[in-house]
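Right, one structure below, let's go through it.
2 protein chains.
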Amino acid sequence: MGFTQHGLALLPLLEPARPERADAARNRNAIMCAAARLVAERGVDCVTMDEVAGAAGVGKGTLFRRFGDRIGLLRALLDEREKDFQEEFIRGEPPLGPGAPVCERLIAFGERALDEIELQGDLMVEAEAGAPGERLLHNVYGAHRAHVAALVRELLPGADSDYIADALLGTLAAEVVIYQRRALGMPLQRLKDGWRALLDGLSR
Amino acid sequence: MGFTQHGLALLPLLEPARPERADAARNRNAIMCAAARLVAERGVDCVTMDEVAGAAGVGKGTLFRRFGDRIGLLRALLDEREKDFQEEFIRGEPPLGPGAPVCERLIAFGERALDEIELQGDLMVEAEAGAPGERLLHNVYGAHRAHVAALVRELLPGADSDYIADALLGTLAAEVVIYQRRALGMPLQRLKDGWRALLDGLSR
DNA sequence: GATCTATTCGGACCCTAGTCCGCTATCAGC
DNA sequence: GCTGATAGCGGACTAGGGTCCGAATAGATC
């Protein structure tokens with residue numbers, strides 16, 4: 001497994017003026033590989049930062065310098081797939097990407113997001129669980145929000161698209177989806193149907 | 001300020017068989033008064049459990065024995081008002097209580113919930129920020145969910161009322177509302193209008 | 001290759017939530 | 001009142017996240 005530089009998720013952000021030093025890059029890679037392995041082996045909530053540092057063969061200071069905090073590290077682990085997702089809904093094929101009818105794109109967006117949670121929900125829940133409100137201020141939420149709001153603006157020209165975007169994205173928060181899937185035992189398909197019904201209801 | 005026994009929020013829960021011992025009741029009261037005072041003075045995120053214990057004149061063990069954890073203490077602080085809220089929407093006057101048209105009741109529910117967040121949002125955010133998903137498993141969410149789902153079931157007989165309840169309550173999560181109010185600067189009235197529009201959209 | 005500076009490294013340290021268990025106070029029954 | 005079982009108390013202790021700063025290293029410049 002190989003990881004590239006940058007821990008951000010919004011697309012074409014300017015790279016740092018000076019490239020990262022060789023030892024720093026080596027360590028970043030070692031840390032992310034170790035973290036990914038430990039998380040896969042033991043589950044995200046049974047991995048401490050000390051263990052990650054130990055497994056990567058670096059000191060704790062290095063770990064925190066690179067990733068800021070635990071949440072930062074987890075987000076970095078999710079970053080690759082998130083970039084793919086963003087690429088798909090911004091420039092990818094319909095129905096997720098441009099070209100399909102707006103309502104179809106929204107449906108596809110939700111279904112894709114639910115699939116992603118199905119795949120790495122635990123990690124996402126933990127990564128969202130930082131300081132209260134932090135996830136909402138982060139790039140990932142911002143990108144999703146901007147995308148959904150833009151589509152809603154097309155779909156319902158008079159409506160408060162920003163508010164509706166938050167409302168819709170609320171149903172796709174990993175915490176909520178995991179609760180519905182595990183605690184309530186709702187099948188994935190039911191959530192997809194519900195999402196579609198929500199959009200149908202709003203656009204009718 | 002005086003606080004009564006019990007830390008739960010769902011309505012007529014059976015009281016413990018044997019009433020709490022006198023010293024325990026005294027300590028509970030001292031702790032809650034101290035906690036309420038410290039939170040009011042310094043803001044909820046600047047109060048540690050040690051400080052609360054110190055200010056209440058009890059040991060740390062007592063604090064944790066009574067309230068389980070930090071979240072438990074904060075929830076207990078919110079409990080009185082939450083009980084009032086539940087009383088209002090279950091047995092109170094219309095439009096919040098029974099008697100008004102279902103849609104009106106839902107609108108009133110959301111507006112009341114938003115007002116509550118306006119009043120003690122910080123505390124609520126912090127109290128919701130426990131282990132991921134914990135808030136959803138708690139009595140308070142359960143009670144709100146049951147209420148909203150029941151109303152939705154009446155309003156839209158064919159729909160997936162449980163799913164819709166989660167979707168609607170997502171917009172009333174303290175974390176989201178605080179984000180909209182503070183980070184995005186949305187006025188409270190805009191959130192109330194948005195809530196109403198959401199319900200109009202769904203019931204149309 | 002020597003030198004110099006900015007960047008990075010790493011582990012000792014701090015803070016706070018939460019646990020544990022021997023000691024103490026309460027109160028029901030006598 | 002006395003007494004014994006039971007519930008409650010409290011502070012020393014642990015664990016894990018996050019900080020700090022002197023030491024070490026990369027890599028640009030000469």
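Chains as they are written, first to last, in this note's numbering: chain A, 1 to 204; chain B, 1 to 204. All C-beta atoms, glycine included, are put in the ideal place defined by N, C-alpha and C.
{"Item": "Between the region 186-196 of chain B and the region 102-119 of chain B, do three or more beta carbon pairs fall short of 8 Å?", "Value": "yes"}
{"Item": "Which residues of chain B have a Cβ atom closer than 9 Å to the Cβ of A:Val152, listed in chain order?", "Value": "The contacting residues do not exist; A:Val152 stays about 11 Å from chain B at best."}
{"Item": "Are the beta-carbon atoms belonging to A:Val44 and A:Glu126 less than 9 Å from one another?", "Value": "yes"}
{"Item": "Are the C-beta of B:Thr280 and some C-beta of chain A separated by less than 9 Å?", "Value": "This structure does not reach residue 280 of chain B, given that chain B is present from 1 up to 204, and the question cannot be answered."}
{"Item": "Look up A:Pro98 in the DSSP assignment and give the residues it is bridged to.", "Value": "A:Ala100"}
{"Item": "What separation, rounded to the nearest whole angstrom, lies between the Cα atoms of A:Glu154 and A:Arg42?", "Value": "45 Å"}
{"Item": "Tell me whether A:Glu93 sits in a helix, a strand or coil according to DSSP, three-state version.", "Value": "coil"}
{"Item": "Here's the rule: buried if 16 or more other CB atoms are within 10 angstroms of the residue's CB, otherwise exposed. What is B:Leu137?", "Value": "exposed"}
{"Item": "Look up A:Val148 in the DSSP assignment and say whether it is helix, strand or coil.", "Value": "helix"}
{"Item": "Does the beta-carbon of A:Thr171 have 16 or more other beta-carbons within 10 angstroms, so that it is buried, or is it exposed?", "Value": "buried"}
{"Item": "Measure how close the beta-carbons of B:Leu202 and A:Gly201 come, nearest whole angstrom, since I'm counting them as under 8 Å.", "Value": "5 Å"}
{"Item": "Counting only beta-carbon atoms, is A:Val125 nearer than 9 Å to chain B?", "Value": "yes"}
{"Item": "Leaving out the 5 sequence neighbours to the left and right, which residues in its chain are closer than 7 Å to B:Pro101 when beta-carbon positions are compared?", "Value": "none"}
{"Item": "Under three-state DSSP, which class holds A:Glu20?", "Value": "coil"}
{"Item": "Please state whether the Cβ-Cβ distance between A:Leu63 and A:Ile90 is less than 9 Å.", "Value": "no"}
{"Item": "If you scan the region 137-202 of chain A from start to end, which runs of the alpha helix (DSSP H) of 4 or more residues do you find wholly inside it?", "Value": "139-155, 161-170 and 174-178"}
{"Item": "Against chain B, with Cβ distances strictly below 9 Å, would A:Arg66 count as a contact?", "Value": "no"}
{"Item": "For A:Leu123, collect the residues of the same chain with a Cβ closer than 7 Å to its Cβ; drop the 5 residues on either side in sequence, then sort them by chain order.", "Value": "Val39, Val44, Leu74, Leu77 and Leu78"}
{"Item": "What residues of chain A sit near B:Gln180, judged by a beta carbon separation below 7 Å?", "Value": "Asp166"}
{"Item": "Which residue from A:Gly59, A:Ala24, A:Ala183 and A:Leu188 puts its Cα closest to that of B:Pro132?", "Value": "A:Ala183"}
{"Item": "Quick check: what's the CA-CA separation for A:Asp115 versus A:Val148?", "Value": "17 Å"}
{"Item": "Would you give the residue range spanned by the alpha helix (DSSP H) that B:Thr62 belongs to?", "Value": "Lys60 to Phe67"}
{"Item": "In angstroms with no decimal places, state the Cα-to-Cα distance between A:Glu87 and A:Ala55.", "Value": "32 Å"}
{"Item": "Can you tell me which of the three DSSP states A:Arg204 falls into?", "Value": "coil"}
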